[in-house]
Structure formats: structure tokens, C-alpha cells
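Student: A single structure is presented below for examination.
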Amino acid sequence: MERMPIFGQTVTRRVTKDSCGRPRPAASVGGMDSSDAAGSSRPLRRSVVDRVPGSAPVRNVIGPLTRTGRYYARSWRDYLDDGPQQMPIARPTVALAAEALRDEVVLLGLRARRPVSDPQAFERIHAEVLAALEFYGAGGWLDKPKGFFRAPGRLDELEVRPVQRRNRSYFRLRWNSGYRPRRDEPGADRWLGYQAVSHGYGLMLRHREPRPWLVCVHGTEMGRAAIDLALFRAWYLHERLGLNVVLPVLPLHGPRAKGLPKGAVFPGEDVLDDIHATANAVWDVRGVLGWIRAQEPDASIGIYGLSLGGFVAALVASLDDHLTCAVLGVPVADLIELLGRHSGLSQDDPRRETIALATPLGRMISPLSLTPKVPMSGRFIYAGLADQVVHPREQVNRLWDHWGRPEIEWYRGGHAGFFQSRPVQQFVTDALIQSGLVTGADPADRSGRPDTQTG
């Protein structure tokens, strides 16, 4: 049992361990363990068309309130419980419950934008999952996921266009991604048909003289200049900490989402699209790292990811040998498991079988299956105690443990609460300084108030 300060309060960190001294793993999706999912290659026992239950719009409307109520009750139970826990416990408050409710409303909006497909469409998704298990299993990538992520070629033709906004200058980047799925890979033809994904885009804040670089990888529903610059506090990183900052756009976001068919989102229910989007994202970020090193061979480079971007950043930090630091903000650890948690499907919905069947695919693209290459002194994670989007215990705690339990900041807030959290702002600044990426910064400036000017 360990006591630690959070937001000026002292909270208790308790960790439940098994007989070998390791944290107990979270339950898997759909009530199946990985061996059940990996060993199942059968189609659905009966057609999902025959067995899918009806929709429940009333439940969807009142769901945020009831789930927040359950969260508040669990928080009090955990707070009063003297037994072991896996993460810090803070006194429940109405403000903390409000943070959880805000997350639930966000999830409701995401579900509205990403509705579950009709049963006929889900039959296609199910068939692709079966084909993918066979394809990736035959390639050896289910057992050795590192080989799934191929190294990109050099970005020789990267277009850099200057932009002047609000008395500030930055650059827009555009390049040919070059990512292509392997031949005969399930879902490859559909992915190649997403023309908007074929080009990479990004923003760059660059000093005239050589400086350290920070690559900032955004989360879901981001990938737009104003939002990304604000949420990463990019101008603070650039002007106050003296960093060159690059903000690449993930596949199926921002300009890389134009003209796509309905339902083409990342992350989304289409498992193979999620796999290709993850591989494409990692490929693109590694390509940007290669471009930076071609420009400045001796430059120090760090990576900073938010939510879905934390997932991508953790993967890149497990594949690149020369990053100075990796800061993971409210990071996803297992994408398929997360989608199963937020699918909105009832427990008896046959489409849950597809999600459970995809468990080995989620593990293949998870940073939990790779070994981080960033030095321990350069690993940092922060997460919200009331996060209802990326569950702190099922997602963040597992990644924190897998990464060797590096320095972590637990803030009192929900998923998006990091932006207004002064301790998080200071934590990120301290992380960049402590890792050695930033040198010579004024300690009085470490809090880094959010910059409202977005460019």
C-alpha cells in the first residue's frame, strides 16, 4: 500500500497481485480469454441477422446518467474499501462525477457518429476477422507482432508550405504516405480505395536553428489544426520550451477523411480497417521521424501522444531505437478490447462473438505485445481517475505496468480533463526536461498555461 499526493490531496495506491507478484490481468472482451478466441475459427453459430436484438434508444439516452451513477457508487465503495486496489483512490466528489458524466456524453456522441452496422454488414466484418486470423497466423504475426509493422521508406518528396496566422508562422506538410497492405491481406482492397488516406498531412513549428523535436500524435476526432495546436499547447512547446514541433494527421482524420464512405472511421467497428489504420499510422509517424533525421542527423526527438495517439506513440516507441522520450497521455493499450467495451451491444448480441473472436488481432497491434525501446528515464504516462473513455484500470494501468511502471501522473478528471489540469501541464513540461529533450528551460515556466492562440 502506498500513499501519494494528487491535486493537493493524499490518496492511496493499492495494487492487487497474483501469486507470482504480478498485477492481475483485466477480463477479456466478451467473456472469452485469448485462447478461446484464438482457437475459434467457426462462423457465428447462427446468423446475426436472425439473432440480433432490437435497438434501445431510450436506454442510450438515459445510459450516461445510469453509468455515471454506478461509477459514483463504485468510487465510494473503492474509497472506503481497505482492500488492495490497482490504482490511486481519491475521495469521490460531485465534480469528479461530473467529469465522468461528460465522458459518457462524449461516448454517446461517438456512438451516434459511429453507429453499429446492420447485421448483414456485420456478417462481412465477421468473415474478415476469420480470414485475418488465418492470414496473420500463417504469417507468424499473431505470435510475433513486431514483424507485422514494416519500416517505411525514406520521405524524399515532402511538401513544406509556409502559413502565416495571427502574427505567427508555421508550416503545413504533405507527402505520399507509401503505405500499402500486404498482398492478399484481408480488407486490403477496401483500404486502398480510401484515396484520402494515400497522402500524409501535418503541421510543423520549426526554429531557424537546430533544436530538439517533439512529434505530437493526436487522438480521435482531432487532426484539425486549431484543435491539435490547442490541445497539445504546441505554441508553448515551441516558443517557451524551444522545441521544433510536428503534428502528423492520423489516417481517417482531418484532411485524410475527405470523400470516404459512411462508416470509414478510426477507430470503428470495422476491425480490419482498424488494423490497417494502425499500421498506416505507425508507418507515417516513423516516416516523419526518418525525415527529421535526414534534415538534422544529430537531433534529439521525443514523441507525445493523446488517447488514440498515445496508442500509436506507444507502438512507435517500441519500434524506433533512438527516441529520447515518450509521453503517453490517457493512452489506449488494446484497441479492440476498448471498442468491445464501448460497442453498446447487449451481452446476448451475437455481434459480441465477432469482437471476442478478434481478440488476437487486437493483441497483435497492441503495445502490450511489444517491448518499449525508449530508456526508462524517458517514459512518462498520465491518466484521469474518472476517465470513462479509456478505462484507467483496464487500459492505462496495464500499459503502465508493461512499460516497467515509469513515472505516472493521475489527475482528478475525465478523459478530456487533462487540458484544464495544471498538474498535467506541469508533468508534461517536467517530463520533457527530465528526459533531457529540453535543456535550459526556466523552472518558473514549467506549469505551461494553455495557450488560447491556436494559429
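Numbering follows our numbering, in which position 125 of the sequence shown is assigned residue number 173; successive positions increment by one, without gaps. Yeah, the Cβ is synthetic: ideal placement off N, Cα and C, and Gly gets one too.
For the alpha helix (DSSP H) containing F475, name the first residue and the last one.
Tutor: Your numbering for residue 475 matches position 427 in the sequence shown. Run containing F475: 470–482, per the alpha helix (DSSP H) assignment.
Student: Count the CB pairs spanning the stretch 450–462 and the stretch 227–243 that are closer than 8 Å, and state whether there are at least three.
Tutor: Not touching, per the Cβ criterion.
Student: Taking the alpha carbon of E442 as the reference point, which residue from A434, Q482, L386 has its own alpha carbon closest?
Tutor: Looking up residue 442 in the sequence shown gives position 394. Among A434, Q482, L386, the Cα nearest to that of E442 is on L386.
Student: Go ahead and label A186 buried or exposed: buried means 16 or more other beta carbons lie within 10 angstroms of its beta carbon, across all protein chains shown.
Tutor: Stepping through the sequence shown from its first residue, residue 186 is reached at position 138. Within a 10 Å sphere around the beta-carbon of A186 sit fewer than 16 other beta-carbons, which makes this residue exposed.
Student: Apart from the five residues just before and just after E457, which ones in its own chain have a Cβ nearer than 7 Å to its Cβ?
Tutor: In the sequence shown, counting from the first residue as 1, residue 457 sits at position 409. Here the set comprises Y430, P471, V472, F475.
Student: Relative to the C-alpha of H255, which candidate in Y218, D191, N445, R213 has its C-alpha closest?
Tutor: Taking the sequence shown and counting its residues from 1, one reaches residue 255 at position 207. Of the candidates Y218, D191, N445, R213, the one whose C-alpha sits nearest the C-alpha of H255 is Y218.
Student: According to DSSP, is N292 helix, strand or coil?
Tutor: Reading the sequence shown from its first residue, position 244 is the one you call residue 292. Three-state DSSP puts N292 in a strand.
Student: Am I right that H266 and L354 are in contact with their C-beta atoms under 8 Å? What's the rounded C-beta distance?
Tutor: Within the sequence shown, the letter at position 218 stands for residue 266. Within the sequence shown, the letter at position 306 stands for residue 354. Contact holds; Cβ gap of about 6 Å.
Student: Alpha carbon to alpha carbon, how far is V294 from T268? Give it in angstroms, no decimals.
Tutor: Taking the first residue of the sequence shown as 1, we reach residue 268 at position 220. Taking the first residue of the sequence shown as 1, we reach residue 294 at position 246. Distance between the alpha carbons of T268 and V294: 18 Å.
Student: Pick out whichever of L289, W189, A361 has its Cα sitting closest to the Cα of P296.
Tutor: On the sequence shown, position 248 is the one that residue 296 refers to. Scanning L289, W189, A361 for the CA closest to the CA of P296 turns up A361.
Student: Could you check whether Y459 and L485 sit closer than 9 Å to each other, using their CB atoms as the reference points?
Tutor: On the sequence shown, residue 485 is found 437 positions in, with the first residue counted as 1. On the sequence shown, residue 459 is found 411 positions in, with the first residue counted as 1. Contact: no.
Student: Buried or exposed for S483, please, with buried defined as at least 16 other CB atoms from any protein chain shown within 10 angstroms of its CB.
Tutor: Your numbering for residue 483 matches position 435 in the sequence shown. Its Cβ being crowded by 16 or more others within 10 Å, S483 is buried.
Student: What does a CB cutoff of less than 8 Å around R334 pick up in its chain, not counting 5 residues either side in sequence?
Tutor: For the purposes of this step, residue 334 is taken as residue 286 along the sequence shown, with counting starting at 1. Taken in chain order, the residues that qualify are A199, P200, V364, L367, D368.
Student: Using three-state DSSP, classify M412 as helix, strand or coil.
Tutor: Taking the first residue of the sequence shown as 1, we reach residue 412 at position 364. Helix, per DSSP.
Student: Would you tell me roughly how many angstroms separate the C-alpha atoms of L371 and M424, rounded to the nearest one?
Tutor: Translated into the one-based positions of the sequence shown, residue 371 becomes position 323. Translated into the one-based positions of the sequence shown, residue 424 becomes position 376. Answer to the nearest angstrom: the Cα atoms are 11 Å apart.
Student: Per the contact definition of three or more C-beta pairs closer than 8 Å, is the stretch 268–281 in contact with the stretch 295–309?
Tutor: By the Cβ test, the stretch 295–309 is in contact with the stretch 268–281, since at least three Cβ pairs between them sit closer than 8 Å.
Student: Cα separation between V420 and W261?
Tutor: In the sequence shown, counting from the first residue as 1, residue 420 sits at position 372. In the sequence shown, counting from the first residue as 1, residue 261 sits at position 213. The amino acid occupying residue 420 in the given sequence is Pro; Val does not appear at that position. A straight line joining the alpha-carbon of P420 with that of W261 spans about 20 Å.
Student: Span of the beta strand (DSSP E) holding W189?
Tutor: Walking along the sequence shown from the start, residue 189 turns up at place 141. First-last for W189: undefined, no H or E at that position.
Student: Sort G462, S469, P315, E257 by Cα distance to A347 and report the nearest one.
Tutor: In the sequence shown, counting from the first residue as 1, residue 347 sits at position 299. That would be E257, whose Cα lies nearest to the Cα of A347.
Student: With a threshold of 16 other CB atoms inside 10 Å of the CB of T477, please say whether the residue is buried or exposed.
Tutor: Translated into the one-based positions of the sequence shown, residue 477 becomes position 429. By the neighbour-count rule (16 or more Cβ atoms within 10 Å), T477 is buried.
Student: Sorted by chain position, which residues of the same chain lie with C-beta nearer than 7 Å to W189's C-beta, five sequence neighbours on each side aside?
Tutor: As a working mapping, residue 189 is identified with position 141 in the sequence shown. So the list reads G195, F196, M412, once near-sequence residues are dropped.
Student: Could you pull out every residue in the same chain whose Cβ sits closer than 6 Å to the Cβ of G290, ignoring the five residues on either side in sequence?
Tutor: In the sequence shown, counting from the first residue as 1, residue 290 sits at position 242. R259.
Student: Would you mind working out which of I481, L206, I173, E176 sits nearest W339, comparing C-alpha positions?
Tutor: Position 291 of the sequence shown holds residue 339. When I481, L206, I173, E176 are compared, the shortest CA-CA separation from W339 is found for L206.
Student: With a Cβ-Cβ cutoff of 9 Å, do G248 and D332 count as a contact?
Tutor: One-based indexing of the sequence shown puts residue 248 at position 200. One-based indexing of the sequence shown puts residue 332 at position 284. For G248 and D332, yes; Cβs fall inside 9 Å.
Student: Please report the Cβ distance between L416 and A381, rounded to the nearest whole angstrom; I am assuming they are in contact, meaning their Cβ atoms lie under 8 Å.
Tutor: Position 368 of the sequence shown, counted from the first residue, corresponds to residue 416. Position 333 of the sequence shown, counted from the first residue, corresponds to residue 381. Between A381 and L416 the Cβ distance is about 6 Å, and since that is below 8 Å, they are a contact.
Student: Taking the continuous alpha helix (DSSP H) assigned at L337, which residues delimit it?
Tutor: As a working note, residue 337 is residue 289 in the sequence shown. L337 -> alpha helix (DSSP H) spans 319–343.
Student: Which residue marks the beginning of the beta strand (DSSP E) containing N224, and which one marks its end?
Tutor: For the purposes of this step, residue 224 is identified with residue 176 of the sequence shown, where counting begins at 1. Element bounds for N224: 216–224.
Student: So who's on the other strand from I429, going by DSSP bridges?
Tutor: Here the question's residue 429 lines up with position 381 in the sequence shown. Secondary-structure assignment with DSSP links I429 through a beta bridge to L376, I456.
Student: How many angstroms separate the CA atom of G488 from the CA atom of L383?
Tutor: Counted from its first residue, the sequence shown places residue 488 at position 440. Counted from its first residue, the sequence shown places residue 383 at position 335. Using only the alpha carbons, I get a separation of about 38 Å.
Student: Along the alpha helix (DSSP H) that carries L277, what are the first and last residues, could you check?
Tutor: The residue given as residue 277 occupies position 229 in the sequence shown. It spans 273–279 - the alpha helix (DSSP H) in which L277 sits, taken as one unbroken run.
Student: Please list, in chain order, all residues of the same chain as Y227 whose beta carbon is under 6 Å from its beta carbon, the five residues on each side excluded.
Tutor: On the sequence shown, residue 227 is found 179 positions in, with the first residue counted as 1. Taking C-beta separations shorter than 6 Å and ignoring five residues to either side along the sequence, the partners of Y227 in its chain run N328, W331, following chain order.
Student: With distances taken from CA atoms, which of V319, A236, F280 is nearest I351?
Tutor: Here residue 351 refers to the residue found at position 303 when the sequence shown is read from its first residue. Among V319, A236, F280, the Cα nearest to that of I351 belongs to F280.
Student: Quick check: the Cα distance between L221 and V177, rounded to an integer number of angstroms?
Tutor: Numbered from its first residue, the sequence shown carries residue 221 at position 173. Numbered from its first residue, the sequence shown carries residue 177 at position 129. Whole-angstrom Cα-Cα distance: 35 Å.
Student: Assign P345 to buried or exposed, taking buried as 16 or more other Cβ atoms, counted over all protein chains shown, within 10 Å of its Cβ.
Tutor: Residue 345 sits at position 297 when you count from the first residue of the sequence shown. Exposed is the call here.
Student: If you compare alpha carbons, which of L285, V208, G241, D237 is closest to L251?
Tutor: Within the sequence shown, numbered from 1, the residue matching residue 251 stands at position 203. Comparing C-alpha distances from L251 to each of L285, V208, G241, D237 shows the shortest one belongs to V208.
Student: Out of L277, D449, A236, which has the shortest C-alpha to C-alpha gap to R213?
Tutor: Position 165 of the sequence shown, counted from the first residue, corresponds to residue 213. Out of L277, D449, A236, L277 has the C-alpha closest to the C-alpha of R213.
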